[in-house]
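Residue numbers (the numbering used here): 3 to 305.
Quick look at the structure:
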(Lines of atoms letter the chains of each structure in order from A and count residues from 1; the text may use other names and numbers.)
(Lines give C-alpha, C1' and ligand atoms only; values in the text may rest on other atoms or scores of the structure.)
Protein backbone atom coordinates (compact mmCIF):
# COMPACT_ATOMS: atom_id res chain seq x y z
CA UNK A 1 0.00 0.00 0.00
CA UNK A 2 1.39 3.41 -0.94
CA UNK A 3 1.32 6.04 1.76
CA UNK A 4 1.17 9.76 1.21
CA UNK A 5 4.21 11.79 2.15
CA UNK A 6 3.34 13.86 5.21
CA UNK A 7 3.50 17.61 4.93
CA UNK A 8 5.59 19.32 7.56
CA UNK A 9 6.19 22.88 8.58
CA UNK A 10 9.27 23.91 10.54
CA UNK A 11 9.76 23.67 14.24
CA UNK A 12 10.25 27.03 16.05
CA UNK A 13 11.98 29.37 13.68
CA UNK A 14 12.27 32.87 12.34
CA UNK A 15 8.80 33.58 10.94
CA UNK A 16 9.82 36.15 8.34
CA UNK A 17 6.81 37.05 6.22
CA UNK A 18 6.62 36.92 2.45
CA UNK A 19 4.00 37.52 -0.18
CA UNK A 20 3.06 33.86 -0.15
CA UNK A 21 3.30 33.16 3.58
CA UNK A 22 1.15 34.34 6.45
CA UNK A 23 3.11 34.38 9.69
CA UNK A 24 2.00 32.52 12.78
CA UNK A 25 1.63 35.81 14.57
CA UNK A 26 -0.70 37.20 11.92
CA UNK A 27 -2.78 34.02 12.03
CA UNK A 28 -3.08 34.46 15.80
CA UNK A 29 -4.36 38.01 15.30
CA UNK A 30 -6.94 36.83 12.79
CA UNK A 31 -7.98 33.87 14.94
CA UNK A 32 -8.58 36.17 17.89
CA UNK A 33 -11.05 38.15 15.77
CA UNK A 34 -13.08 34.97 15.26
CA UNK A 35 -11.49 33.79 12.00
CA UNK A 36 -11.87 30.02 12.28
CA UNK A 37 -10.00 29.37 9.02
CA UNK A 38 -6.92 31.17 10.32
CA UNK A 39 -7.00 29.15 13.52
CA UNK A 40 -7.33 25.98 11.46
CA UNK A 41 -4.30 26.95 9.36
CA UNK A 42 -2.28 27.83 12.44
CA UNK A 43 -2.90 24.51 14.16
CA UNK A 44 -2.36 22.43 11.03
CA UNK A 45 0.99 24.13 10.52
CA UNK A 46 2.27 22.64 13.77
CA UNK A 47 0.30 19.46 14.44
CA UNK A 48 2.67 17.16 12.50
CA UNK A 49 5.73 18.30 14.45
CA UNK A 50 3.95 18.07 17.80
CA UNK A 51 2.72 14.58 16.92
CA UNK A 52 6.15 13.36 15.83
CA UNK A 53 7.78 14.61 19.04
CA UNK A 54 4.99 13.05 21.13
CA UNK A 55 5.34 9.74 19.28
CA UNK A 56 9.04 9.58 20.06
CA UNK A 57 8.38 10.42 23.68
CA UNK A 58 5.42 8.08 24.33
CA UNK A 59 6.00 5.47 21.58
CA UNK A 60 2.32 4.60 21.20
CA UNK A 61 0.34 6.20 18.33
CA UNK A 62 -2.84 6.47 20.39
CA UNK A 63 -1.01 8.11 23.29
CA UNK A 64 0.75 10.48 20.88
CA UNK A 65 -2.57 11.42 19.27
CA UNK A 66 -4.18 12.13 22.64
CA UNK A 67 -1.18 14.15 23.82
CA UNK A 68 -1.08 16.19 20.61
CA UNK A 69 -4.81 16.92 20.68
CA UNK A 70 -4.57 17.93 24.33
CA UNK A 71 -1.69 20.26 23.42
CA UNK A 72 -3.58 21.82 20.51
CA UNK A 73 -6.62 22.39 22.69
CA UNK A 74 -4.56 24.05 25.42
CA UNK A 75 -2.83 26.23 22.82
CA UNK A 76 -6.25 27.34 21.54
CA UNK A 77 -7.68 28.01 24.98
CA UNK A 78 -4.64 30.09 25.94
CA UNK A 79 -4.29 31.87 22.61
CA UNK A 80 -5.41 35.21 24.02
CA UNK A 81 -2.46 35.13 26.45
CA UNK A 82 0.13 35.10 23.64
CA UNK A 83 1.92 38.45 23.83
CA UNK A 84 4.51 38.07 21.08
CA UNK A 85 7.51 38.17 23.43
CA UNK A 86 8.83 35.14 21.52
CA UNK A 87 7.91 33.40 18.29
CA UNK A 88 4.45 31.84 18.46
CA UNK A 89 5.97 28.42 17.79
CA UNK A 90 8.31 28.77 20.77
CA UNK A 91 5.38 29.75 23.00
CA UNK A 92 3.12 26.98 21.69
CA UNK A 93 5.75 24.25 21.85
CA UNK A 94 6.59 25.17 25.41
CA UNK A 95 2.96 24.51 26.29
CA UNK A 96 2.97 21.20 24.42
CA UNK A 97 6.26 19.93 25.82
CA UNK A 98 5.35 20.81 29.40
CA UNK A 99 2.23 18.70 28.96
CA UNK A 100 4.34 15.85 27.57
CA UNK A 101 6.76 15.94 30.49
CA UNK A 102 3.89 15.88 32.99
CA UNK A 103 1.81 13.26 31.20
CA UNK A 104 1.19 9.83 32.73
CA UNK A 105 3.82 7.34 31.61
CA UNK A 106 2.88 5.26 28.57
CA UNK A 107 2.99 1.45 28.54
CA UNK A 108 6.35 1.34 26.68
CA UNK A 109 7.82 3.84 29.15
CA UNK A 110 6.75 1.61 32.04
CA UNK A 111 8.16 -1.49 30.35
CA UNK A 112 11.66 -0.09 29.75
CA UNK A 113 13.43 0.70 33.01
CA UNK A 114 16.78 1.89 31.66
CA UNK A 115 19.68 0.60 29.57
CA UNK A 116 20.29 -2.52 31.66
CA UNK A 117 16.62 -3.51 31.36
CA UNK A 118 16.64 -2.99 27.59
CA UNK A 119 19.95 -4.82 27.15
CA UNK A 120 18.54 -7.77 29.08
CA UNK A 121 15.47 -7.91 26.85
CA UNK A 122 17.54 -7.85 23.65
CA UNK A 123 19.89 -10.50 24.99
CA UNK A 124 17.00 -12.86 25.76
CA UNK A 125 14.92 -12.11 22.64
CA UNK A 126 15.38 -15.22 20.50
CA UNK A 127 17.31 -15.09 17.21
CA UNK A 128 15.15 -16.50 14.44
CA UNK A 129 14.55 -15.93 10.77
CA UNK A 130 11.16 -14.71 9.58
CA UNK A 131 9.21 -17.44 7.84
CA UNK A 132 6.78 -17.44 4.94
CA UNK A 133 3.90 -17.06 7.40
CA UNK A 134 4.89 -13.40 7.61
CA UNK A 135 4.10 -12.75 3.97
CA UNK A 136 6.09 -12.13 0.83
CA UNK A 137 9.73 -11.01 0.75
CA UNK A 138 8.77 -7.30 0.46
CA UNK A 139 6.35 -7.66 3.37
CA UNK A 140 9.03 -9.34 5.49
CA UNK A 141 11.45 -6.57 4.55
CA UNK A 142 8.99 -3.98 5.89
CA UNK A 143 8.64 -5.98 9.11
CA UNK A 144 12.41 -6.00 9.58
CA UNK A 145 12.52 -2.26 8.92
CA UNK A 146 9.77 -1.74 11.49
CA UNK A 147 11.75 -3.86 13.97
CA UNK A 148 14.89 -1.82 13.37
CA UNK A 149 13.15 1.50 13.86
CA UNK A 150 11.16 0.24 16.85
CA UNK A 151 14.32 -1.06 18.49
CA UNK A 152 16.06 2.29 18.10
CA UNK A 153 12.98 4.02 19.46
CA UNK A 154 13.08 1.65 22.41
CA UNK A 155 16.60 2.83 23.16
CA UNK A 156 15.23 6.35 23.63
CA UNK A 157 13.07 5.03 26.47
CA UNK A 158 16.25 4.25 28.40
CA UNK A 159 16.71 8.01 28.84
CA UNK A 160 14.70 9.90 31.42
CA UNK A 161 11.96 12.10 29.98
CA UNK A 162 13.86 15.38 30.01
CA UNK A 163 16.95 13.83 28.43
CA UNK A 164 14.78 12.09 25.86
CA UNK A 165 13.01 15.29 24.90
CA UNK A 166 16.30 17.18 24.63
CA UNK A 167 17.72 14.38 22.45
CA UNK A 168 14.66 14.28 20.20
CA UNK A 169 14.84 18.05 19.69
CA UNK A 170 18.61 18.51 19.55
CA UNK A 171 19.74 15.37 17.75
CA UNK A 172 16.77 14.01 15.82
CA UNK A 173 15.27 17.35 14.73
CA UNK A 174 18.56 19.27 14.99
CA UNK A 175 17.27 22.17 17.07
CA UNK A 176 20.05 24.48 18.20
CA UNK A 177 20.70 25.31 21.83
CA UNK A 178 19.15 28.78 21.57
CA UNK A 179 15.77 27.54 20.38
CA UNK A 180 15.92 24.36 22.46
CA UNK A 181 16.56 26.27 25.67
CA UNK A 182 13.74 28.71 24.93
CA UNK A 183 11.22 25.97 24.17
CA UNK A 184 12.16 23.96 27.28
CA UNK A 185 12.68 27.04 29.45
CA UNK A 186 16.17 26.00 30.53
CA UNK A 187 19.59 27.58 30.04
CA UNK A 188 21.58 26.98 26.86
CA UNK A 189 24.34 25.37 28.93
CA UNK A 190 21.82 22.99 30.48
CA UNK A 191 20.40 22.08 27.08
CA UNK A 192 23.89 21.34 25.71
CA UNK A 193 24.85 19.29 28.76
CA UNK A 194 21.67 17.21 28.65
CA UNK A 195 22.10 16.63 24.91
CA UNK A 196 25.75 15.65 25.30
CA UNK A 197 24.96 13.18 28.07
CA UNK A 198 22.11 11.61 26.11
CA UNK A 199 24.30 11.23 23.03
CA UNK A 200 27.09 9.60 25.02
CA UNK A 201 24.75 7.19 26.80
CA UNK A 202 23.01 6.12 23.59
CA UNK A 203 26.27 5.88 21.64
CA UNK A 204 27.87 3.70 24.30
CA UNK A 205 24.86 1.38 24.30
CA UNK A 206 24.77 1.12 20.51
CA UNK A 207 28.51 0.60 20.19
CA UNK A 208 28.35 -2.32 22.60
CA UNK A 209 25.26 -4.04 21.21
CA UNK A 210 23.85 -2.71 17.93
CA UNK A 211 24.85 -4.44 14.70
CA UNK A 212 23.92 -1.31 12.74
CA UNK A 213 26.77 0.57 14.42
CA UNK A 214 29.34 -2.15 15.00
CA UNK A 215 29.32 -5.18 12.65
CA UNK A 216 31.00 -7.26 15.36
CA UNK A 217 27.94 -6.97 17.59
CA UNK A 218 25.67 -10.02 17.52
CA UNK A 219 22.33 -8.17 17.59
CA UNK A 220 20.75 -8.16 14.12
CA UNK A 221 17.39 -6.60 13.26
CA UNK A 222 16.36 -9.41 10.91
CA UNK A 223 17.09 -12.05 13.56
CA UNK A 224 15.14 -10.24 16.29
CA UNK A 225 12.04 -9.37 14.25
CA UNK A 226 10.15 -12.61 14.97
CA UNK A 227 10.64 -12.07 18.72
CA UNK A 228 9.51 -8.45 18.40
CA UNK A 229 6.33 -9.59 16.65
CA UNK A 230 5.68 -12.27 19.26
CA UNK A 231 6.23 -9.81 22.13
CA UNK A 232 3.99 -7.11 20.63
CA UNK A 233 6.82 -4.67 19.94
CA UNK A 234 5.97 -4.88 16.23
CA UNK A 235 2.40 -5.28 15.00
CA UNK A 236 2.40 -6.66 11.42
CA UNK A 237 -1.14 -5.33 10.93
CA UNK A 238 -0.30 -1.78 12.00
CA UNK A 239 3.19 -0.66 11.08
CA UNK A 240 4.01 2.67 12.70
CA UNK A 241 7.38 3.60 11.21
CA UNK A 242 8.11 1.40 8.19
CA UNK A 243 6.58 2.77 5.00
CA UNK A 244 6.99 2.03 1.31
CA UNK A 245 7.20 5.79 0.76
CA UNK A 246 8.10 8.32 3.41
CA UNK A 247 9.99 11.50 4.01
CA UNK A 248 13.05 11.24 6.22
CA UNK A 249 13.59 13.56 9.16
CA UNK A 250 17.00 14.59 7.92
CA UNK A 251 15.47 15.70 4.60
CA UNK A 252 13.19 18.24 6.29
CA UNK A 253 14.83 19.07 9.60
CA UNK A 254 17.30 21.68 8.40
CA UNK A 255 16.52 22.97 4.93
CA UNK A 256 14.91 26.40 4.95
CA UNK A 257 15.16 26.86 8.72
CA UNK A 258 17.71 29.59 9.33
CA UNK A 259 17.04 29.58 13.08
CA UNK A 260 18.51 26.09 13.36
CA UNK A 261 22.30 25.94 13.27
CA UNK A 262 23.10 22.26 13.28
CA UNK A 263 24.63 20.76 16.40
CA UNK A 264 26.82 18.05 14.92
CA UNK A 265 26.34 14.65 16.52
CA UNK A 266 28.27 11.42 16.13
CA UNK A 267 27.51 8.88 13.43
CA UNK A 268 25.80 6.52 15.87
CA UNK A 269 23.02 8.77 17.08
CA UNK A 270 22.80 10.47 13.67
CA UNK A 271 21.07 7.26 12.55
CA UNK A 272 17.95 8.67 14.19
CA UNK A 273 17.74 11.36 11.49
CA UNK A 274 17.16 8.61 8.93
CA UNK A 275 13.89 7.75 10.67
CA UNK A 276 10.62 8.65 8.94
CA UNK A 277 8.68 11.77 9.71
CA UNK A 278 5.38 10.06 10.48
CA UNK A 279 2.18 11.28 8.91
CA UNK A 280 0.04 12.78 11.66
CA UNK A 281 -3.68 12.06 11.90
CA UNK A 282 -5.99 15.00 11.30
CA UNK A 283 -6.26 16.07 14.92
CA UNK A 284 -7.34 19.61 14.06
CA UNK A 285 -10.53 18.25 12.52
CA UNK A 286 -11.25 16.52 15.79
CA UNK A 287 -11.08 19.84 17.61
CA UNK A 288 -13.81 21.38 15.49
CA UNK A 289 -16.55 19.69 17.49
CA UNK A 290 -15.06 21.01 20.72
CA UNK A 291 -14.79 24.48 19.23
CA UNK A 292 -18.36 24.33 18.04
CA UNK A 293 -19.81 22.93 21.26
CA UNK A 294 -17.98 25.26 23.62
CA UNK A 295 -18.35 28.35 21.49
CA UNK A 296 -15.39 29.60 19.47
CA UNK A 297 -15.36 33.15 20.81
CA UNK A 298 -15.66 32.15 24.46
CA UNK A 299 -13.09 29.39 24.09
CA UNK A 300 -10.45 31.77 22.82
CA UNK A 301 -10.79 33.91 25.94
CA UNK A 302 -10.31 31.13 28.49
CA UNK A 303 -7.10 31.84 30.41
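Beta carbons: idealized from backbone N, C-alpha and C, even for Gly. Just so we're clear, the structure is a prediction, and the values are computed from it rather than from any experiment.
DSSP three-state assignment for residue 250, whether helix, strand or coil
strand
Rounded straight-line distance, which links the Cα of residue 233 to that of residue 227:
10 angstroms
Starting from residue 203, follow the alpha helix (DSSP H) in both directions and report where the run begins and ends.
190–211
Assuming contact is defined by CB atoms lying nearer than 8 angstroms, are residue 58 and residue 155 in contact in what I supplied?
yes
Does residue 283 come out as helix, strand or coil in the three-state DSSP assignment?
coil
Does DSSP put residue 277 in a helix, a strand or coil?
coil
Threshold first: 4 residues or longer. Then list the alpha helix (DSSP H) segments lying entirely within the segment 52–121, N to C.
63–79, 90–104 and 109–113
Taking Cβ positions, are residue 45 and residue 69 nearer each other than 8 angstroms?
no
Here's the rule I'm using: 16 or more other beta-carbon atoms within 10 Å means buried, otherwise exposed. How should residue 97 be labelled?
buried
DSSP beta-bridge partners of residue 48:
Looking at the DSSP assignment, residue 48 forms no beta bridge with any residue, so it has no partner.
For a test of the three-state rule: what should DSSP assign to residue 221, helix, strand or coil?
strand
Inter-residue CB distance, residue 174 and residue 251 (contact presumed, cutoff 8 angstroms):
6 angstroms
Determine the extent of the alpha helix (DSSP H) in which residue 179 is found, giving its start and end residues.
179–186
When the Cα atoms are used, what is the spatial distance from residue 220 to residue 146?
16 angstroms
Residue 152 vs residue 243 beta-carbon contact at 8 angstroms
yes
Alpha helix (DSSP H) segment containing residue 156, residue limits:
139–158
Taking the alpha helix (DSSP H) that residue 37 falls in, what are its first and last residues?
No alpha helix (DSSP H) holds residue 37; DSSP gives it neither H nor E.
Measure the C-alpha to C-alpha separation of residue 208 and residue 84 and round it to an integer number of angstroms.
42 angstroms
Residue 126 - partner residues in DSSP beta bridges
DSSP, once it has assigned bridges, lists no residue as partnering residue 126.
State whether the segment 190–206 contacts the segment 84–93, with contact taken as three or more CB pairs (one from each stretch) at a distance under 8 angstroms.
no
Hey, quick one: how far does the alpha helix (DSSP H) through residue 163 stretch, first residue to last?
163–169
Could you check whether the Cβ of residue 73 sits closer than 7 angstroms to any heavy atom belonging to the ligand HEM?
Of ligands this structure carries none, so the ligand HEM is not represented either.
Rounded separation between residue 202 and residue 38 - CA only:
46 angstroms
Is the CB-CB distance between residue 61 and residue 285 below 8 angstroms?
no
Would you tell me roughly how many angstroms separate the C-alpha atoms of residue 225 and residue 159, rounded to the nearest one?
22 angstroms
Residues of its chain near residue 53, where Cβ-Cβ distance is below 8 angstroms and the 5 sequence neighbours each way are ignored
66, 67, 70, 280, 282, 283 and 285
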